[in-house]
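Take a look at the structure below.
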Amino acid sequence: MEYVNPEGIREDGRRPLEMRHLHAEIGTVARADGSAVFEMGNTKVIAAVYGPREVQNRSQQLNDQALVRCEYSMPNFSTGDRMRKPKGDRRSTEISLVIRQTMEACILTHLMPRSQIDIFVQVLSADGGTRSACINAATLALADAGIPMRDLVTSCSAGYLNSTPLLDLSYFEDSAGGPDVTVGILPKLDKVTLLQMDARLPIDIFENVVQLATEGCKAVANYIHEVLLENTKQLEYRRGL
Amino acid sequence: MEAKPLDSPTSFVNQLVVPGDVVLDLSTMANQTIKLGGGLRQDCDSITVLKAGKLRFAKPNKYWVESSQKRYVPCVGDTVLGIVVDTRADNFLVDIKGPALAFLPVLSFEGGTRRNIPKFEVGTLLYVRLVKANTAINPELSCTDASGKAAEFGLLKDGYMFESSTGLSRMLLSSPACPVLEALGKKLSFETAVGLNGRVWVNAASPSTIVLVSNAIMNSESLSAVQQKIMVDRLLQRVQ
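Residue numbers (full-length UniProt numbering), protein chains in the order written: chain G, 1 to 241; chain Y, 1 to 240.
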């Protein structure tokens, strides 16, 4: 199968090192304390944050830090095949855990002991890279909710097909079975908070691919930064300052 | 992402900042004491931002990030609107939109003794003052001012309460009086209580006035001062 044609163009018309179009909106769920929609090409994810609020289940309460919970779900209409999936399947439990751990790394949980922060992420349309899109959406939603954070976490994936490193895999490329590396970074602190890979890669190529994904993360960070500044500016304007 | 040059410590003041931004470098500011407010954190020699908002500076040395959010972070001395959630033997449990429920001791009313404990049902709206705010314990409220007088604190009867953002509350409480309330106050008579936690209570003689005032306040969040006046004028014309 040819994923990159001889002219160096991918199946959806991108170059190997090109990202899909990014789009983000803040404050999309009126009821939530913070919310955001994040799009990477055809992948569209909505995130809502509630909290910090009183812990619902007393036995889970932590006395030195906030409890962060995350729920990831992927409705049937988000993918091409409309198979009915059970709610707590392995994939969504795993992604919930990944998102929770990544967000916990950047939230200053010790500032809000004995409280709970809920993050709900839902995939509205899936076209590869849902994991990264979910993390990006969750970051924006947390920032919107005003939850203290070390830095904005951003995430991006990269793969290796036809002996070419590819940035931001689509569903078609993702299902090729090649390696898929998802990286999450704290851009200002320049630290990695998430690194996942399916399949295997030689170590020298792996370094290249991770480097590429990190560059992607930084591009996402730039965009998120802009969106957040724009949103804050509007809030300022709204208050007539 | 390239770091912005930190040539002068004031270069970020009144600028919009996002989490992770390094706004001050302590190593270049020897022999200076600074005070950090909400939304900032010291990380070794650098001061980093925790929340998206505008960096503010007050002379001589106070820095904080001003932002608008739907949740409230308890702070001593703030006046807030709380809703009674539960009644215990010596405390009322009050929801103030914070990370934890707040305690309102049953004796913290003017002339409060064991004999005359007020009876509040679940869902009662109270105008209260925060006396203790610490992450280690639940916030504590009081229905008296610092000298033990009832002042205006206590039960809010009738009227209508709606929730907005903390930014709107601060705008309504700012001095000189915010344009919406000023314009409305010239034509209508109404009572209002604004809590710093983003809750606003409005009461008036007729329900139509309550509806008008609360709609005007809710709309004003996305408007500038001039727009607010125009909006209020238009609303008042429709009524009269």
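We put the beta carbon where it would ideally sit given N, CA and C, even for glycine.
(request) Using DSSP bridges, identify the partner residues of residue 104 of chain Y. (result) As a working mapping, residue 104 of chain Y is identified with position 104 in the second sequence. Paired residues: Y:92.
(message) Once the 5 residues before and after residue 189 of chain G are set aside, which same chain residues still bring their CB inside 6 Å of it?
(response) As a first step, residue 189 of chain G is located in the first sequence; it is residue number 189 there, counting from the start. Same-chain partners within the cutoff: 151.
(request) Quick one: list the residues of chain Y neighbouring residue 149 of chain G, beta-carbon separation under 8 Å, in chain order. (result) Walking along the first sequence from the start, residue 149 of chain G turns up at place 149. Ordered by position in chain Y, the residues that pass the 8 Å Cβ test against residue 149 of chain G are 19, 20, 50 and 51.
(message) One question on the structure: do residue 110 of chain Y and residue 166 of chain Y come within less than 9 Å of each other, judged by their Cβ atoms?
(response) Your numbering for residue 110 of chain Y matches position 110 in the second sequence. Your numbering for residue 166 of chain Y matches position 166 in the second sequence. Their beta carbons are not under 9 Å apart, which means residue 110 of chain Y does not touch residue 166 of chain Y by this criterion.
(request) Quick one: using the 10 Å Cβ neighbour count with 16 as the cut-off for buried, is residue 170 of chain G buried or exposed? (result) Counting from one through the first sequence, the residue named residue 170 of chain G turns up at place 170. Buried, because 16 or more other Cβ atoms sit within 10 Å of the Cβ of residue 170 of chain G.
(request) Determine, using beta carbons only, whether residue 156 of chain G and residue 19 of chain G come nearer to each other than 9 Å. (result) Translated into the one-based positions of the first sequence, residue 156 of chain G becomes position 156. Translated into the one-based positions of the first sequence, residue 19 of chain G becomes position 19. It is a contact, given that the beta carbons lie within the stated cut-off.
(message) By the three-class DSSP mapping on this structure, what secondary structure does residue 14 of chain Y have?
(response) Position 14 of the second sequence, counting from 1, holds the residue named residue 14 of chain Y. The answer is coil: DSSP assigns residue 14 of chain Y none of H, G, I, E or B.
(request) Using alpha carbons as the reference points, say which of G:232, G:217 and G:231 lies closest to residue 22 of chain G. (result) Position 22 of the first sequence holds residue 22 of chain G. With distances taken between Cα atoms, residue 22 of chain G lies closest to G:217.
(request) Please report the residue range of the beta strand (DSSP E) in which residue 120 of chain G lies. (result) Position 120 of the first sequence, counted from the start, is the residue given in the question as residue 120 of chain G. Looking at the DSSP string, the run of the beta strand (DSSP E) that includes residue 120 of chain G is 115 to 125.
(request) Could you pull out every residue in the same chain whose Cβ sits closer than 6 Å to the Cβ of residue 10 of chain G, ignoring the five residues on either side in sequence? (result) Numbered from its first residue, the first sequence carries residue 10 of chain G at position 10. Cβ neighbours of residue 10 of chain G beyond the five flanking positions: 4.
(message) Just to confirm the assignment: which complete alpha helix (DSSP H) runs, minimum length 4, are found wholly within the UniProt domain "K Homology" (159 to 207) of chain Y?
(response) Complete alpha helix (DSSP H) runs here, min 4: 166 to 173 and 179 to 187.
(request) Look up residue 83 of chain G in the DSSP assignment and say whether it is helix, strand or coil. (result) Along the first sequence, read from residue 1 onward, the residue named residue 83 of chain G stands at position 83. In the three-state reduction of the DSSP assignment, residue 83 of chain G falls in the coil class.
(request) Would you kindly report the start and end of the unbroken beta strand (DSSP E) that includes residue 38 of chain G? (result) Walking along the first sequence from the start, residue 38 of chain G turns up at place 38. Looking at the DSSP string, the run of the beta strand (DSSP E) that includes residue 38 of chain G is 34 to 40.
(request) Taking C-beta pairs closer than 8 Å, name the residues in chain Y that residue 112 of chain G reaches, listed in chain order. (result) Residue numbering aside, residue 112 of chain G sits at position 112 when the first sequence is read from its first letter. Near residue 112 of chain G (Cβ distances below 8 Å), the residues of chain Y are 99 and 135.
(message) Could you give the first and the last residue of the continuous beta strand (DSSP E) run that contains residue 238 of chain Y?
(response) Here residue 238 of chain Y refers to the residue found at position 238 when the second sequence is read from its first residue. Residue 238 of chain Y -> not in any beta strand (DSSP E); alpha helix (DSSP H) instead, spanning 225 to 239.
(request) Name, in chain order, the residues that DSSP records as bridge partners for residue 211 of chain Y. (result) Reading the second sequence from its first residue, position 211 is the one you call residue 211 of chain Y. Per DSSP, none; premise fails for residue 211 of chain Y.
(message) Between the alpha carbons of residue 132 of chain G and residue 123 of chain Y, how many angstroms are there, rounded?
(response) Counting from 1 along the first sequence, the entry for residue 132 of chain G is found at position 132. Counting from 1 along the second sequence, the entry for residue 123 of chain Y is found at position 123. Roughly 42 Å between the two C-alpha positions.
(request) Evaluate residue 136 of chain G with the Cβ neighbour count: other Cβ atoms within 10 Å of its Cβ, from every protein chain shown; 16 or more gives buried, anything less gives exposed. (result) For the purposes of this step, residue 136 of chain G is identified with residue 136 of the first sequence, where counting begins at 1. With 16 or more Cβ atoms within 10 Å of its Cβ, residue 136 of chain G is classed as buried.
(message) Quick check on DSSP: helix, strand or coil for residue 157 of chain Y?
(response) Working through the second sequence from its first residue, we reach residue 157 of chain Y at position 157. Looking at residue 157 of chain Y - three-state DSSP - the assignment turns out to be coil, as it is neither helix nor strand.
(request) Would you decide whether residue 67 of chain Y is buried or exposed? Buried here means 16 or more other CB atoms lie within 10 Å of its CB. (result) Start at 1 with the first residue of the second sequence, and residue 67 of chain Y comes out as number 67. Buried, since its Cβ has 16 or more Cβ neighbours within 10 Å.
(request) Return the Cβ separation of residue 104 of chain G and residue 100 of chain Y in integer angstroms, given the expectation that the two are a contact with Cβ distance under 8 Å. (result) The sequence position of residue 104 of chain G within the first sequence is 104, counting from 1. The sequence position of residue 100 of chain Y within the second sequence is 100, counting from 1. Their Cβ separation, rounded to whole angstroms, is 19 Å, which puts residue 104 of chain G and residue 100 of chain Y out of contact at 8 Å.
(message) Would the stretch 195 to 209 of chain Y count as touching the stretch 148 to 166 of chain Y if we require 3 or more Cβ pairs under 8 Å?
(response) Contact holds: three or more Cβ-Cβ distances are below 8 Å.
(message) Excluding the 5 residues flanking residue 41 of chain G on each side, which residues of the same chain have their C-beta closer than 7 Å to its C-beta?
(response) Start at 1 with the first residue of the first sequence, and residue 41 of chain G comes out as number 41. Taken in chain order, the residues that qualify are 20, 21, 127 and 170.
(request) Reducing DSSP to helix, strand and coil, say where residue 2 of chain Y ends up. (result) For the purposes of this step, residue 2 of chain Y is identified with residue 2 of the second sequence, where counting begins at 1. Summary for residue 2 of chain Y: the model assigns pLDDT 38, below 50, so the residue's position carries little reliability; its value from the coordinates is reported in the next sentence. Coil at residue 2 of chain Y, not helix or strand.
(request) Just the C-alpha distance for residue 195 of chain G and residue 223 of chain G, rounded to the nearest angstrom, thanks. (result) The sequence position of residue 195 of chain G within the first sequence is 195, counting from 1. The sequence position of residue 223 of chain G within the first sequence is 223, counting from 1. Approximately 21 Å, taken between the alpha carbons.
(request) Anything in the stretch 215 to 236 of chain G with a Cβ closer than 7 Å to a Cβ of chain Y? List those residues in chain order, please. (result) 218, 221, 222, 225, 228, 229, 232, 233, 235 and 236
(request) Return yes when the Cβ of residue 23 of chain Y is within less than 9 Å of the Cβ of residue 63 of chain Y, no when it is not. (result) For the purposes of this step, residue 63 of chain Y is taken as residue 63 along the second sequence, with counting starting at 1. For the purposes of this step, residue 23 of chain Y is taken as residue 23 along the second sequence, with counting starting at 1. In contact: residue 63 of chain Y and residue 23 of chain Y (Cβ atoms closer than 9 Å).
(request) Can you grab the Cα-Cα spacing for the pair residue 107 of chain Y / residue 58 of chain G, in whole Å? (result) Against the second sequence, residue 107 of chain Y aligns to sequence position 107. Against the first sequence, residue 58 of chain G aligns to sequence position 58. So the two alpha carbons sit approximately 28 Å from each other.
(request) Report the neighbours of residue 25 of chain G on chain Y: residues whose CB is nearer than 7 Å to its CB, in chain order. (result) Mapped onto the first sequence, residue 25 of chain G falls at position 25. The premise fails here: residue 25 of chain G is roughly 15 Å from chain Y at the closest Cβ pair, so nothing lies under 7 Å.
(message) Classify residue 113 of chain Y: buried if its beta carbon has 16 or more other beta carbons within 10 angstroms, exposed otherwise.
(response) Residue mapping note: residue 113 of chain Y aligns to position 113 of the second sequence, counting from 1. Classification for residue 113 of chain Y: exposed.
(request) Can you tell me the Cβ-Cβ gap for residue 16 of chain G and residue 164 of chain G, rounded? I've got them flagged as a contact below 8 Å. (result) Residue numbering aside, residue 16 of chain G sits at position 16 when the first sequence is read from its first letter. Residue numbering aside, residue 164 of chain G sits at position 164 when the first sequence is read from its first letter. Contact holds; Cβ gap of about 5 Å.
(request) Rank G:90, G:95, G:32 and G:119 by C-alpha distance to the C-alpha of residue 68 of chain G and give the top, closest one. (result) Residue 68 of chain G sits at position 68 when you count from the first residue of the first sequence. Selected option, being the one with the closest Cα: G:119.
(request) Could you name the residues of the same chain whose beta carbon sits closer than 8 Å to that of residue 17 of chain Y, not counting the 5 residues immediately before and after it, in chain order? (result) Numbered from its first residue, the second sequence carries residue 17 of chain Y at position 17. Answer for residue 17 of chain Y: 23, 49, 52, 53, 54, 55 and 65, listed in chain order.
(request) Scan the stretch 54 to 83 of chain Y for residues whose Cβ lies nearer than 9 Å to a Cβ of chain G and list them as they occur along the chain. (result) 54, 66, 67, 68, 69, 70, 71 and 73
(request) Please list the residues of the stretch 172 to 195 of chain G that have a C-beta atom closer than 8 Å to any C-beta atom in chain Y, keeping them in chain order. (result) 186, 187, 188 and 189
(request) Return the CA-CA distance between residue 171 of chain Y and residue 181 of chain Y, expressed in angstroms with no decimal places. (result) Counted from its first residue, the second sequence places residue 171 of chain Y at position 171. Counted from its first residue, the second sequence places residue 181 of chain Y at position 181. Going by the C-alpha atoms only, they are around 10 Å apart.
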